[in-house]
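Trainee: Here it is, the structure in full.
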Ligand code: BGC
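Dropping the structure here:
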């Protein structure tokens, strides 16, 4: 595989040889999108083993009772099959030279070029371009250019809308109307079977020869789940044929089409398509690139200077920022971010704690408005959280481990993978007992409120969310014989250990949640009794408050051993130690599951991912440095980083401890999760949380940024090979420019300057 990044600038992800055996990697890492839709970068011509995904955020559908809800794969608009002198263009036929595919992160445009010789010897140069508009959220535009190289060629193009796609075999759609308008506009409707969401897709082509517009005869075809046309053109040597394709997709769940009937939607979307097509590919690409600049690159610029390594590091960070925009539903608070973003069918589009703990920091510090939407989603999904609590015999809000549409409640599948010993599917306990998610959601809301200084959110949603989640924890605690409250039978963040008692992460975070609710309650007593009365009615606080107080006082909090190691639960440290070198150096994840089943892994000292270490930096000042250091050494030796959420946490902690070489090495490995050389890693989609993790390595780890007890701390320490690091932070409505040097020097400038900001900069409190 020839994936590279250009060392001349830090914006281009390139591929210089086509590998038909590993299509998934580039389809996912080079995917396009805008938070409304995600488009995998499958090539225009089709190959065996490809995955053509067009996923529209929030359009969940449940095939039947035996499956969980998922984002359905919408009809494909990207396929454009070509025949050159009657031979089908395909890179596994004939021969080719000059292949290059590039994703430009700055503009969001994907390009590809190649010179192809057909098996019978016809030679053409092909150029492809495509964008998903960041300006017009429903729009996709593609362009194909074919140049006859040394003899006349006949080119046939087949293109349209193809609904013969599934989610790995599951068909979510009932077929709807298909139509040609004016012999050139193609329209296809399809409706999800359970959730009843109608998708309307449109497409139209524009042709040119050597730049001059060309009208081509249309050979129209409507068939089962497909609508397309064939177009034929004759080229003299040196002639270039250009086919532009404009497509759009809308659904009856879209906020910007609320209230429209399906026929009205058909009409509106066709009009919109006409408008986009009239603008032309170049203008659409330009306005989309301008939007990228405004929304991402000018909003949250990062600069790293230094040697060659630092250029690669800056590229990795921009790659993370690029994908974090692709997955972000900035337009709608009724949806969130899937663990694979919108780049593949993995994890079915469900959101996890990945949002609050790994991704939210980037959004809060760069785009607080968007961060607010993600948090509003959690508030709006309280009905599902109430239902989950009730179903499990608890009170308050118990958030689902996997979350999809607002009122779905838990959507985690019950089985996944194969048990190597029994040969049966593995039961997934996370949806039932991975309960720390409830405290993570509360923590995320508090972080957002504090960093953005968003009092409005606090009043409308924040108090309620944090109190309602505290009520869940108070009802979840189990009295023990020692007079303390315990949380038994859970899965902590480390998913290789199931049915443990007193997982440190869970207990400390639950305790934090209870205390935050108490603090807010007391704050409202003096500052806003009217709001407290309203909440009292809604949440029955007279009964809840004393339970929170009792719970917070008596919850059992695991304490460090004499060696300073925080036990992650009541069992781990008594487990058997085994040699993990095989699993630590593997090219793929979960290799251990090929040797042991989960029942056996329970009794081994092996962690899938960071557990207590996440706690150390969320509740940073609760644990002394010696405990963090001893625990880091103990757990890192036992962690095989089988989750993409693991490496970045270890890197940030290592940077906090001043272990810069280690921190840098872990950061590089975190950045390689999707960008690295291993070809199978991204087939089901990119790893959303790891992108948040990469940003955290740079800004939290090397930049030394943290929000501690409501205050902003900045204490940079750059790794070897970096001369300087500069980034911006949004803090309570003010945009701050932070610059850090290799020598530990740091400056903060308030670019907004409408209100003073207090920062603890390298240990000294300063006002900006
Ligand atoms: C990890 C979880 C994570 C999920 C989605 C799992 O493999 O163990 O911590 O939330 O993937 O990314």
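In this note's numbering, the protein residues as written are 1 to 768.
Beta carbons: idealized from backbone N, C-alpha and C, even for Gly.
If we ignore side chains and look at the alpha-carbon of each, how far apart do residue 748 and residue 729 end up?
Mentor: Taking the straight line from one Cα to the other gives about 10 Å.
Trainee: State yes or no: is the C-beta of residue 532 nearer than 7 Å to some heavy atom of the ligand NAD?
Mentor: Only the ligand BGC can be found as ligands here, which leaves the ligand NAD out of the picture.
Trainee: Could you compute how far the alpha carbon of residue 143 sits from the alpha carbon of residue 40?
Mentor: 16 Å
Trainee: What would DSSP say about residue 11, mapped onto helix, strand or coil?
Mentor: Secondary structure of residue 11 (DSSP, three-state): coil.
Trainee: Compute the distance between the beta-carbons of residue 203 and residue 247, then report whether it is under 8 Å.
Mentor: yes
Trainee: Does the segment 297 to 307 touch the segment 166 to 186, meaning 3 or more C-beta pairs lie closer than 8 Å?
Mentor: Verdict: no, contact absent.
Trainee: DSSP three-state call for residue 732: helix, strand or coil?
Mentor: coil
Trainee: For the ligand BGC, is there a heavy atom less than 7 Å away from the beta-carbon of residue 493?
Mentor: A heavy atom of the ligand BGC is found nearer than 7 Å to the CB of residue 493.
Trainee: Just tell me which of 707, 102, 693 has its CA closest to the CA of residue 759.
Mentor: 707
Trainee: Assign residue 719 to one of two classes, buried (16 or more other C-beta atoms within 10 Å of its C-beta) or exposed (fewer than that).
Mentor: buried
Trainee: Would DSSP call residue 727 helix, strand or coil?
Mentor: strand
Trainee: Any idea if residue 767 is buried or exposed, counting beta-carbon neighbours within 10 angstroms, 16 or more meaning buried?
Mentor: Around the Cβ of residue 767, a 10 Å sphere holds fewer than 16 other Cβ atoms; the residue is exposed.
Trainee: Are residue 609 and residue 642 closer than 8 Å when you measure CB to CB?
Mentor: yes
Trainee: Under the three-state reduction of DSSP, which class applies to residue 496: helix, strand or coil?
Mentor: coil
Trainee: Is it the case that the segment 519 to 528 contacts the segment 588 to 595, given that we only count it when at least three CB pairs across the two stretches are under 8 Å?
Mentor: no
Trainee: When the Cα of residue 365 is compared with those of 93, 32, 692, 18, which residue comes out closest?
Mentor: Considering only alpha carbons, the answer is 692.
Trainee: So which of 476, 736, 471 has the shortest CA-CA distance to residue 543?
Mentor: 471
Trainee: Pull up the distance between the alpha-carbon of residue 605 and that of residue 597, whole angstroms please.
Mentor: 14 Å
Trainee: Just verifying my parser: in three-state terms, what is the DSSP assignment at residue 63?
Mentor: coil
Trainee: Are the beta-carbon atoms belonging to residue 320 and residue 695 less than 8 Å from one another?
Mentor: yes
Trainee: Does the ligand BGC have a heavy atom nearer than 7 Å to the CB of residue 353?
Mentor: yes
Trainee: Can you have a look at residue 725 and say buried or exposed, based on whether 16 or more other CB atoms are within 10 angstroms of its CB?
Mentor: buried
Trainee: Leaving aside the five residues before and after residue 389 along the sequence, list all residues of the same chain whose C-beta is less than 7 Å from its C-beta, in chain order.
Mentor: 395, 396, 397, 398, 472
Trainee: So, using beta-carbon positions, are residue 159 and residue 80 closer together than 8 Å?
Mentor: It is a contact, given that the beta carbons lie within the stated cut-off.
Trainee: Just tell me which of 73, 78, 684 has its CA closest to the CA of residue 43.
Mentor: 78
Trainee: So within the segment 432 to 513, which uninterrupted alpha helix (DSSP H) runs reach at least 4 residues, ignoring any that extend past its ends?
Mentor: 437 to 452, 463 to 476
Trainee: Among 165, 746, 750, which has the Cα closest to the Cα of residue 764?
Mentor: 746
Trainee: Would you say the beta carbon of residue 366 is closer than 7 Å to some non-hydrogen atom of the ligand BGC?
Mentor: Checking every heavy atom of the ligand BGC against the Cβ of residue 366, none is found closer than 7 Å.
Trainee: Going by DSSP, name the residue or residues bridged to residue 173.
Mentor: 192
Trainee: Considering only residues of the same chain and omitting the five flanking positions on each side of residue 619, which have a CB-CB separation below 7 Å?
Mentor: Same-chain partners within the cutoff: 508, 512.
Trainee: In whole angstroms, what is the alpha-carbon distance linking residue 45 and residue 88?
Mentor: Take the alpha-carbon of residue 45 and the one of residue 88: they are about 9 Å apart.
Trainee: Identify the continuous alpha helix (DSSP H) that holds residue 814 and give its terminal residues.
Mentor: One cannot answer for residue 814 here, as it falls past the ends of the chain, which runs 1 to 768.
Trainee: Classify residue 394 as helix, strand or coil using the three-state DSSP reduction.
Mentor: coil
Trainee: Decide if the segment 231 to 240 is in contact with the segment 144 to 157; the criterion is three or more beta carbon pairs, one per stretch, under 8 Å apart.
Mentor: Yes, the segment 231 to 240 touches the segment 144 to 157.
Trainee: Looking at the strands, I want to know which residues DSSP matches up with residue 37.
Mentor: 56
Trainee: Pop quiz: residue 655 and residue 337 are said to be a contact at Cβ under 8 Å. What is the actual Cβ separation, rounded to whole angstroms?
Mentor: With a Cβ gap of about 25 Å, residue 655 and residue 337 do not count as contacting.
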